[in-house]
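The next block holds one structure in the form of structure tokens; read it before the comments.
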């Protein structure tokens, strides 16, 4: 107790508002005791000092007392200092105690707030858990609904595919018997043997006409199925509206006149000169509307008016709403009209306003349904306003420029979306009308709806390498060039060159379409590339030159250099070696253009016998546009050649002084003259060595005999490219007789593989008339066995749909059999859906033809593929 007690107050750290509290009251009491103790110590020291002073010597005590006094004073000062520090510490402790108390109160308040917040969070967590549970239930319901929708979409897709397959199969089943009916009826109507009387021939024509009507119905059903399945193609191209109007006028004027109706076709001032759309489909719709108008009108007027339509109006079609220009085709009549309650059903398949068994007007009711679907396909609308007893007006609205719709990446068997009926509208005169499209305005397509149809440019086939051509823009008087090539780059370059030379160009890459295009467009010249996808181009040259109606057309051949002589010998106008440069291509087209522009063809007859020369000149010069020049010797011939252009030479080998061989050698040595075709017309017997020598120079060798005049006329008109129509009747008869006995099919063996004996019988009847030897098999397996038993078979006609082993399987098996890899096979099928042709080609078919078979087309294809 004699020593001072040092008290150190350590700071106490508080963390996260949790305060470690030391009992402040205890510290305060301890400080007060310590101060009291110090007071006692000081008092005791004073008493002691007094006692010591009294008992010690005065001096010593005084010194000691002074020393002690100084020490005591020093200690007193220190004690006072400590006391002051303790007071300060005590004040700080009191302040800290107050702060701690306030902190405790704040902490308690915060704890209460945290507890309340925690309770609120717990409530929210409970509610969130309930919501999550509800969302999970909804998600499961949505997933189940999605699975249900997917299942229904798959069912719809399957149903759509089954429907398409059913229609295609039914088309086949209907076309197969119809094929034999039409072929045999046509053979009977022709009565080539002259053993039928006039009434029997009329019966045959009636049967053929009825069969043709049935074929039209089948085609309508197939068209409707194609549209609904998204497999009808749009062939977009420029269409002149004046041509459309003229074509419809020419088609319906006789029908209207027969019924005593007035037919009016008008182009309004605001109608554009042309639009871009599918001309065939446009004509199909308008023809159907005009046909209905004439059929349902007993008296009065049928009118077609083509005009502009307001843009940005209320259209159900998005394409029309967005189109910068819209064209209207209004077909109106003064006929019976349509009741208001029948307006919608007339657009449905197999429906008519009068559907009773006692109805007055016939028809299937498919026309308007197909027209509606085609209109939708073209991005337009078909509207109807009608009043009973006053007539009807069907208005076709189309965008002036067709906009292709990108085909979504869906399966080919995508289901067809439901069709929504369009609202009924009231006309200005109170008549009731209906705007008909595939979907009502604003209706979204159903999920998994019909895939947009593939868009094709104006081509003659579905093969690669084809470009948009000018077939939709050909007017009377235009010069036309038919371009046949599968090379896209060559086609593009040739089209530019041909157009620069003033030609309209029709192009194709498919051998089977060459002759139909040539017959349809009657080209002035042909540019033929022999490297095609599915055919040898030289075969096309032969076939063109064998066709009496087409053989006069100049054909310039593009082929490998080794084919020059053969091409010219077969009747080619000119030849250019592949690969073809732009300069050579331009030169070829320029030669064709110059020849087409020249009205007169010149033939030089070199013959030393005056009477013979005069007879030949009379034979060859009888036609219009042919000039015959004569020469009695090689020298005179050279003079004639020096004076002007000569297109063909008829040469006798036996000439005075210088023989025909010498003249030939001189001709072929001159670059200017070596291209002139030479026909050897001689009466002397030639040795094999002489024939070999001549074949290097002359295109044709004709030995004078009983039929030599006909052959000379045929060969000369071939190399002069002279149309038969410009020949006199006698010369035409000579050529017909010559070609009748020179059929390219005679003596060839053909295998027909078809399970329908009626088709086999009909085809056999036709082909045997051409001198062909026909063998047949009733199914694919039997066809393979028959082919192996007859390895000398020249060509096969293969039906596609057969039991046990269909045509595709059979063709694959044939191609896999050694020796039959290049055997020509023509697929015969009544299935005409998109993609059928490609499947047949991939399976091994050389070409493809649909039933009912066009005999002329079949014979043409067979001639092309039989040429070796």
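In the working numbering, the protein residues as written are 2 to 869.
Yeah, the Cβ is synthetic: ideal placement off N, Cα and C, and Gly gets one too.
All values derive from a computational prediction rather than experimental measurement.
Kindly indicate which three-state DSSP category residue i falls into: helix, strand or coil?
i: residue 324; result: coil
i: residue 578; result: strand
i: residue 337; result: coil
i: residue 555; result: coil
i: residue 317; result: coil
i: residue 329; result: strand
i: residue 308; result: strand
i: residue 670; result: helix
i: residue 826; result: strand
i: residue 811; result: helix
i: residue 297; result: coil
i: residue 608; result: coil
i: residue 750; result: strand
i: residue 850; result: strand
i: residue 143; result: helix
i: residue 677; result: coil
i: residue 774; result: strand
i: residue 801; result: coil
i: residue 396; result: strand
i: residue 383; result: strand
i: residue 779; result: coil
i: residue 401; result: coil
i: residue 758; result: helix
Report buried or exposed for residue i, applying the criterion of at least 16 other Cβ atoms within 10 angstroms of its Cβ.
i: residue 187; result: buried
i: residue 712; result: buried
i: residue 360; result: The predicted position of residue 360 is uncertain, since its pLDDT is 36 and thus under 50; no value can be drawn from it.
i: residue 15; result: At residue 15 the pLDDT is 45, less than 50, meaning the model places this residue with poor confidence and gives no usable figure here.
i: residue 473; result: buried
i: residue 96; result: exposed
i: residue 861; result: buried
i: residue 655; result: exposed
i: residue 566; result: exposed
i: residue 850; result: buried
i: residue 38; result: exposed
i: residue 89; result: exposed
i: residue 863; result: buried
i: residue 36; result: exposed
i: residue 293; result: buried
i: residue 732; result: buried
Cβ of residue i within 8 Å of any heavy atom in the ligand NAD?
i: residue 81; result: As far as ligands go, the structure on display features none, and thus does not contain the ligand NAD.
Output the distance between the C-alpha atoms of residue i and residue j, rounded to the nearest integer angstrom.
i: residue 729; j: residue 773; result: 32 Å
i: residue 339; j: residue 297; result: 10 Å
i: residue 779; j: residue 280; result: 41 Å
i: residue 212; j: residue 746; result: 28 Å
i: residue 239; j: residue 370; result: 26 Å
i: residue 72; j: residue 64; result: 12 Å
i: residue 159; j: residue 548; result: 47 Å
i: residue 285; j: residue 615; result: 56 Å
i: residue 866; j: residue 796; result: 8 Å
i: residue 109; j: residue 85; result: 36 Å
i: residue 574; j: residue 315; result: 58 Å
i: residue 471; j: residue 498; result: 14 Å
i: residue 114; j: residue 99; result: 23 Å
i: residue 273; j: residue 308; result: 8 Å
i: residue 542; j: residue 568; result: 8 Å
i: residue 83; j: residue 74; result: 14 Å
i: residue 855; j: residue 690; result: 46 Å
i: residue 135; j: residue 125; result: 15 Å
i: residue 753; j: residue 777; result: 5 Å
Any C-beta of chain B sitting closer than 9 Å to the C-beta of residue i?
i: residue 582; result: In the structure shown, chain B does not exist; there is a single protein chain.
| query | In the region 478-559, which residue ranges form an unbroken alpha helix (DSSP H) of at least 4 residues, counting only runs that do not cross its ends? | reply | Along the length of the region 478-559, whole alpha helix (DSSP H) runs at least 4 residues long occupy 489-501, 515-522 and 538-547, reported in chain order.
| query | Counting Cβ pairs, one atom from each stretch, are 3 or more of them under 8 Å apart for the region 776-785 and the region 803-821? | reply | By the criterion of at least three beta-carbon pairs nearer than 8 Å, the region 776-785 is in contact with the region 803-821.
| field | At least three beta-carbon pairs within less than 8 Å, the region 714-726 to the region 550-557 | value | In short, these stretches touch, since the Cβ pair count reaches three.
| field | Touching by the beta-carbon criterion (3+ pairs, under 8 Å), the region 265-282 and the region 241-254 | value | Three or more beta-carbon pairs separated by less than 8 Å link the region 265-282 to the region 241-254, which places the two stretches in contact.
| said: List, from N- to C-terminal side, the alpha helix (DSSP H) runs of 4 residues or more that fit wholly inside the region 230-284. | reply: Residue ranges of uninterrupted alpha helix (DSSP H) with 4 or more members, entirely inside the region 230-284 and ordered along the chain, are 242-260.
| request: Could you tell me whether the region 384-393 touches the region 320-327, where touching means 3 or more Cβ pairs closer than 8 Å? | output: Remark: fewer than three beta-carbon pairs, one from each stretch, lie closer than 8 Å, so the region 384-393 and the region 320-327 are not flagged as touching.
| said: Using a Cβ distance threshold of 8 Å, determine whether the region 607-620 contacts the region 570-587, with at least three qualifying pairs required. | reply: The region 607-620, when compared against the region 570-587, does not touch it at the 8 Å Cβ threshold.
| task | Assess, as a yes-or-no matter, whether the region 745-764 is touched by the region 653-673 under the definition of 3 or more beta carbon pairs within less than 8 Å. | result | No contact exists between the region 653-673 and the region 745-764.
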